[in-house]
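Colleague: Start counting at 1 in the sequence shown, then tack on 178, and there's your number in this note's numbering.
Below you'll find the structure I mean.
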Amino acid sequence: MSEEVLVAKGLTKKIGGKAIVDSIGFTINKGEIIGLLGPNGAGKTTLIRMLTGLISRSEGTVTINNNDLDKEFRECMEEVGAIIENPEFYNYLSGWENLKQFARMSRKTITDETIRRIVEQVKLTESIQDKVKTYSLGMRQRLGIAQAILHHPALLILDEPLNGVDPKGMHDFRELMRDIVESGTSILISSHLLAEMEQLADKILIIENGKLTHIEELKKSAIATQEGMVQLIIETAEIPLLHKEIVEMGLTVLFCEENRVMIEIEKDQIPSFINHGVQAGIPFYGVIPYTPTLEERFLELTKGGSLK
Ligand SMILES: Nc1ncnc2c1ncn2[C@@H]1O[C@H](COP(=O)(O)OP(=O)(O)O)[C@@H](O)[C@H]1O
Ligand SMILES: [Mg+2]
């Protein structure tokens, strides 16, 4: 069984009689990057604030590494690193001095060697002795992440960390997140940016109007991971021959163009489908597994939802 880092059940926040987070439950396992996706105002920040004890819950329970957030708050917080809104630093101190300051406040012992390693991990080694007021937005973000993982928490929580990050920054950010997960810290990230989330997360929780409306397991490749039926796009100059084989094998055609056909087929049938096709003289120019993007699936699920 996988190790549960966070279990949230029935989380609800009511303000003025209105539930802005409404009975949300989910689990984060060790080694996972979970994306919390939803339009602005959906309730992401409110949910994260409840998970980190920054605001009270109207209903629901949270356990972090099997500790109850109400009864064992301290133990829980020792296993969480979070950046909610903008990380706060002493601007007139260097990055290093800021991290040292934070390390001194931690209940765990954090050595200079650990700080150095994490500074290296977030790629701030060259500028760590500069004053934070000289840092760019991206550097401040990385310093924030360094601060949040200094005590090697089981869970890192980042609220909308991708706002204002350029494509190169995104790439570096993704690598950093993978690296952090490999070092044993699971990650919860909130965002209203669909495409970025899709590239980053293993699983996506979609939140709309305070409710958890969908959970999407992201499959990196249809062929590698999907059991049962898969969709294939076949490219060939011999559509009539291809059609003959499709009929003979009793397959379903999803769409057909001048030199492309999309079919639905059992994964197990693919090798014999290709073998027969080659023997029948079909020139295959491409056999491509079709994986709809999260955006396509999301639009289908919500019949034109509000996420952009
Ligand atoms: N303290 C509060 N009092 C009243 N309404 C609030 C409060 N905090 C948040 N809200 C409302 O709750 C909803 C969810 O807000 P928030 O959690 O910040 O969403 P998100 O982070 O997904 O953009 C919004 O409609 C917001 O206006
Ligand atoms: Mg928010």
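Yeah, the Cβ is synthetic: ideal placement off N, Cα and C, and Gly gets one too.
It should be emphasised that the depicted structure is a prediction, and the values quoted were computed from it without experimental measurement.
Check whether the segment 324–343 and the segment 276–292 touch, using three or more Cβ-Cβ pairs below 8 Å as the test.
Modeller: Verdict: yes, contact present.
Colleague: Is the segment 234–246 touching the segment 267–279 in the sense that three or more CB pairs, one from each, lie closer than 8 Å?
Modeller: Touching, no, given that fewer than three Cβ pairs across the two stretches are closer than 8 Å.
Colleague: Quick one: using the 10 Å Cβ neighbour count with 16 as the cut-off for buried, is S399 buried or exposed?
Modeller: Since pLDDT at S399 reaches only 44, below the 50 mark, its modelled position is unreliable, and the value read off the structure follows with that caveat. When all chains shown are included, S399 counts as exposed.
Colleague: Within a Cβ cutoff of 7 Å, which residues of the same chain sit near I198, ignoring the five residues on either side of it in sequence?
Modeller: Hits under 7 Å: K191, G221, T224 and G388.
Colleague: Check for me: the beta strand (DSSP E) holding D337 runs from which residue to which?
Modeller: L333 to D337 is the span of the beta strand (DSSP E), which, as asked, contains D337.
Colleague: Kindly indicate which residue of G209, L354 and A415 has the alpha-carbon position closest to the one of K301.
Modeller: Nearest of G209, L354 and A415 to K301, Cα basis: L354.
Colleague: How big is the Cα-Cα spacing for K196 and E394?
Modeller: Taking the straight line from one Cα to the other gives about 27 Å.
Colleague: Taking 8 Å as the threshold (C-beta atoms), are R318 and I262 in contact?
Modeller: No; because the gap between Cβ atoms is not below 8 Å, this pair is not in contact.
Colleague: If distances are taken between C-alpha atoms only, which option among P345, G259, L371 and R352 comes closest to L334?
Modeller: Here the closest residue by C-alpha is G259.
Colleague: Examine ligand 2 and report whether any of its heavy atoms sits within less than 7 Å of the Cβ of K136.
Modeller: The requested residue 136 does not occur in the structure, where the chain is confined to residues 179 to 486.
Colleague: Does the beta carbon of Q377 come closer than 8 Å to any beta carbon on chain B?
Modeller: Absent here is chain B; the protein component of the structure consists of one chain.
Colleague: Is Q409 helix, strand or coil when you go by DSSP?
Modeller: Reduced to three states, the DSSP call for Q409 is strand.
Colleague: Less than 8 Å between the CB atoms is what I'm expecting for E423 and H454, so what's the real figure, rounded?
Modeller: So it is a contact: roughly 6 Å between Cβ atoms.
Colleague: For L371 and I212, what's the separation of their Cα atoms in angstroms?
Modeller: Computed Cα separation, rounded: 14 Å.
Colleague: If I follow the unbroken beta strand (DSSP E) through N207, where does it start and stop?
Modeller: N207 -> beta strand (DSSP E) spans K196 to N207.
Colleague: Using the beta-carbon count (16 or more within 10 Å), is R320 buried or exposed?
Modeller: Buried, by the Cβ-count rule.
Colleague: Run through the DSSP bridge pairs and tell me what C434 is partnered with.
Modeller: Per DSSP, V439.
Colleague: Hey, quick one: how far does the alpha helix (DSSP H) through V425 stretch, first residue to last?
Modeller: Residues I417 to E426.
Colleague: Determine which residues share a DSSP beta bridge with G259 and list them.
Modeller: Its beta-bridge partners are L334.
Colleague: Would you call A458 buried or exposed, if buried means 16 or more other Cβ atoms sit within 10 Å of its Cβ?
Modeller: The residue is exposed, with fewer than 16 neighbouring Cβ atoms inside 10 Å.
Colleague: For N245, write down the residues that DSSP places opposite it in a beta bridge.
Modeller: In DSSP, N245 forms a bridge with I242.
Colleague: If you draw a straight line from the alpha carbon of P470 to that of L396, how long is it in whole angstroms?
Modeller: Answer to the nearest angstrom: the Cα atoms are 11 Å apart.
Colleague: Quick check: the Cα distance between N264 and I367, rounded to an integer number of angstroms?
Modeller: Going from the Cα of N264 to the Cα of I367 covers about 14 Å.
Colleague: So, under 8 Å CB-CB, F204 and L383 are touching, yes? Tell me the CB distance rounded to an integer number of Å.
Modeller: That pair is a contact at about 6 Å.
Colleague: Can you give me the C-alpha to C-alpha distance between I358 and S364, rounded to a whole angstrom?
Modeller: Going by the C-alpha atoms only, they are around 8 Å apart.
Colleague: How many angstroms separate the CA atom of A186 from the CA atom of Y313?
Modeller: About 36 Å.
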